[in-house]
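Trainee: Below are the structure tokens for one structure; questions will follow.
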């Protein structure tokens, strides 16, 4: 109980800190926006605390199958922190900010080729944007996109090389997939494989679809841009994190389907052929 409480408290603190941090350190953020960010951070922390204190499943998938959620949170934290330091470096230069901006600029320049996700997201910037702001956006986009690729590769390696999640303990579908209903109809194995393919496919195209969605929203409801400090940080983070998260979920579901299929084969082989009456 003490271990669970400490773990849930630490997770809640980390989530709340990540949500509040950009609004607290970025320049030019109004007090109203800062207060709203603090409120969202408090809500996120409470939700995380309740989720991980509970013994019953609720919303979080793969709660008892690390390092799935740890990798996802770590990737999002790196994206947000790096983008925040790059944006903050414009008004308050620092050694860390300059280094991250330089590396991000190189990555963004290398990935900014025609029809690439980085190129498409940069096209959503206002046409009258200052060159300095465009360089910052390119550095943030390049850094976040590379982080998203790295976290997916790491998780695939954990699944294939370290045999996640079977290497730790028996996988509990009810606890780790609380929104998956095995009794909803159809073969569980086919449903898991179908969901896995959908998640991986959507993750691969979402980084291309999100810039198009921003342009569509701009044409329907007016200007929707990422040139503000806070919107740039969270917009770039969402653009890079959501596709990676979907791909990781698809890989995880396919692995669970493989485990179920292997268990079925083992049971069938042990039962042997049916004897005639």
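Residue numbers (my numbering): 23 to 299. Cβ coordinates follow ideal geometry from the N, Cα and C atoms, glycine included.
Name the residue from 197, 120, 147, 289 whose alpha carbon lies nearest to the alpha carbon of residue 258.
Mentor: Taking the first residue of the chain shown as position 1, residue 258 is located at position 236. Comparing Cα positions, the closest option is 147.
Trainee: At which residue ranges does the region 54-133 contain complete alpha helix (DSSP H) runs of 4 or more residues, listed in the order of the chain?
Mentor: Segments of the alpha helix (DSSP H) lying fully in the region 54-133: 90-113, 117-133.
Trainee: For the alpha helix (DSSP H) containing residue 263, name the first residue and the last one.
Mentor: The residue given as residue 263 occupies position 241 in the chain shown. 251-293 is the extent of the alpha helix (DSSP H) around residue 263.
Trainee: If you compare alpha carbons, which of 112, 181, 230 is closest to residue 88?
Mentor: Along the chain shown, one-based indexing puts residue 88 at 66. The residue with the shortest Cα to Cα distance from residue 88 is 181.
Trainee: Quick one: give me the first and last residue of the alpha helix (DSSP H) that residue 231 is part of.
Mentor: Locating residue 231 in the chain shown gives position 209, counting from the first residue. Residue 231 -> alpha helix (DSSP H) spans 210-243.
Trainee: Taking 8 angstroms as the cut-off, does the region 255-273 touch the region 155-163 (at least 3 CB pairs, one atom from each stretch)?
Mentor: Touching, yes.
Trainee: Which residue wins for smallest C-alpha separation from residue 37, given the options 64, 129, 52?
Mentor: In the chain shown, residue 37 corresponds to position 15, counting from 1. Considering only alpha carbons, the answer is 64.
Trainee: Is it true that the CB of residue 249 sits closer than 8 angstroms to the CB of residue 143?
Mentor: Translated into the one-based positions of the chain shown, residue 143 becomes position 121. Translated into the one-based positions of the chain shown, residue 249 becomes position 227. In this structure, residue 249 does not lie closer than 8 angstroms to residue 143 by Cβ.
Trainee: CB-CB under 8 angstroms to residue 102, same chain, minus the five flanking residues each way: which ones, in chain order?
Mentor: Locating residue 102 in the chain shown gives position 80, counting from the first residue. For residue 102, where only same-chain residues beyond five positions count, the Cβ hits under 8 angstroms are 40, 43, 44, 255, 256, 259.
Trainee: Any chance the CB of residue 150 is under 7 angstroms from a heavy atom of the ligand NAP?
Mentor: In terms of ligand content, the structure shown is empty, and the ligand NAP therefore cannot be addressed.
Trainee: Return the chain-ordered list of same chain residues with a C-beta closer than 8 angstroms to the C-beta of residue 279, the five sequence neighbours on each side being excluded.
Mentor: For the purposes of this step, residue 279 is taken as residue 257 along the chain shown, with counting starting at 1. Counting only Cβ-Cβ distances below 8 angstroms, and skipping sequence neighbours, we find 211, 214, 215, 218.
Trainee: In the structure shown, what three-state DSSP assignment does residue 299 receive?
Mentor: As a position in the chain shown, residue 299 is number 277, starting the count at 1. Model confidence at residue 299 stands at a pLDDT of 48, short of 50, so the residue's coordinates are unreliable; what they give is reported in the following sentence. In this structure, residue 299 counts as coil in the three-state DSSP scheme.
Trainee: Would you kindly work out how many angstroms separate the C-alpha atoms of residue 273 and residue 77, rounded to a whole number?
Mentor: Start at 1 with the first residue of the chain shown, and residue 273 comes out as number 251. Start at 1 with the first residue of the chain shown, and residue 77 comes out as number 55. If you take the alpha carbons of residue 273 and residue 77, they lie about 26 angstroms apart.
Trainee: Grab me the residues of residue 184's own chain with a C-beta within less than 6 angstroms of its C-beta, minus the 5 sequence neighbours each way, in chain order.
Mentor: Taking the first residue of the chain shown as 1, we reach residue 184 at position 162. So no residue of the chain qualifies.
Trainee: Could you please give the first and the last residue of the uninterrupted alpha helix (DSSP H) stretch that includes residue 196?
Mentor: Stepping through the chain shown from its first residue, residue 196 is reached at position 174. Element bounds for residue 196: 195-198.
Trainee: Is the CB-CB distance between residue 251 and residue 115 below 8 angstroms?
Mentor: Here residue 251 refers to the residue found at position 229 of the chain shown. Here residue 115 refers to the residue found at position 93 of the chain shown. Against a cut-off of 8 angstroms, the Cβ pair of residue 115 and residue 251 comes out as no contact.
Trainee: Skipping 5 residues on each side, what residues in its chain have a beta carbon closer than 6 angstroms to that of residue 168?
Mentor: Here residue 168 is taken as the residue at index 146 of the chain shown, counted from 1. Once the five neighbours on either side are set aside, the close Cβ partners of residue 168 are 129.
Trainee: How should residue 186 be labelled, buried or exposed, when 16 other C-beta atoms within 10 angstroms of its C-beta is the threshold for buried?
Mentor: In the chain shown, residue 186 corresponds to position 164, counting from 1. Classification of residue 186: buried, given that the 10 Å Cβ count is 16 or more.
Trainee: Evaluate residue 109 with the Cβ neighbour count: other Cβ atoms within 10 Å of its Cβ, from every protein chain shown; 16 or more gives buried, anything less gives exposed.
Mentor: To locate residue 109, count along the chain shown from 1; it is residue 87. With 16 or more Cβ atoms within 10 Å of its Cβ, residue 109 is classed as buried.
Trainee: If you follow the alpha helix (DSSP H) that residue 47 is part of, which residue opens it and which one closes it?
Mentor: Here the question's residue 47 lines up with position 25 in the chain shown. 24-47 is the extent of the alpha helix (DSSP H) around residue 47.
Trainee: Closest to residue 124 by C-alpha separation, out of 158, 94, 99, 97, would be which residue?
Mentor: Indexing the chain shown from 1 puts residue 124 at position 102. Per the Cα distances, 158.
Trainee: Quick check: the Cα distance between residue 81 and residue 32, rounded to an integer number of angstroms?
Mentor: Residue mapping note: residue 81 aligns to position 59 of the chain shown, counting from 1. Residue mapping note: residue 32 aligns to position 10 of the chain shown, counting from 1. When rounded, the distance between both Cα atoms is 18 angstroms.
Trainee: Would you call the CB atoms of residue 195 and residue 269 closer than 8 angstroms?
Mentor: In the chain shown, the residue the question calls residue 195 occupies position 173. In the chain shown, the residue the question calls residue 269 occupies position 247. No, the pair does not count as a contact, with Cβ atoms beyond the cut-off.
Trainee: Using 10 angstroms around the beta-carbon of residue 299, count the other beta-carbons present and answer buried if the total reaches 16, otherwise exposed.
Mentor: In the chain shown, the residue the question calls residue 299 occupies position 277. Model confidence at residue 299 stands at a pLDDT of 48, short of 50, so the residue's coordinates are unreliable and nothing is read from them.
Trainee: Mind checking whether residue 35 and residue 67 have CB atoms under 8 angstroms apart?
Mentor: For this step, residue 35 is matched to residue 13 along the chain shown. For this step, residue 67 is matched to residue 45 along the chain shown. Yes, they are a contact pair.
Trainee: Per DSSP, what kind of secondary structure is residue 168 in: helix, strand or coil?
Mentor: Taking the chain shown and counting its residues from 1, one reaches residue 168 at position 146. Here residue 168 sits in helix by DSSP.
Trainee: Provide the residue span of the alpha helix (DSSP H) that contains residue 139, from first to last.
Mentor: For the purposes of this step, residue 139 is identified with residue 117 of the chain shown, where counting begins at 1. Start and end: 139-144.
Trainee: Just to confirm, are residue 229 and residue 139 a CB contact at a threshold of 8 angstroms?
Mentor: Along the chain shown, read from residue 1 onward, the residue named residue 229 stands at position 207. Along the chain shown, read from residue 1 onward, the residue named residue 139 stands at position 117. In contact: residue 229 and residue 139 (Cβ atoms closer than 8 angstroms).
Trainee: Report the option in 134, 52, 201 whose CA atom is closest to the CA atom of residue 275.
Mentor: For the purposes of this step, residue 275 is taken as residue 253 along the chain shown, with counting starting at 1. It is 201 whose Cα lies nearest to the Cα of residue 275.
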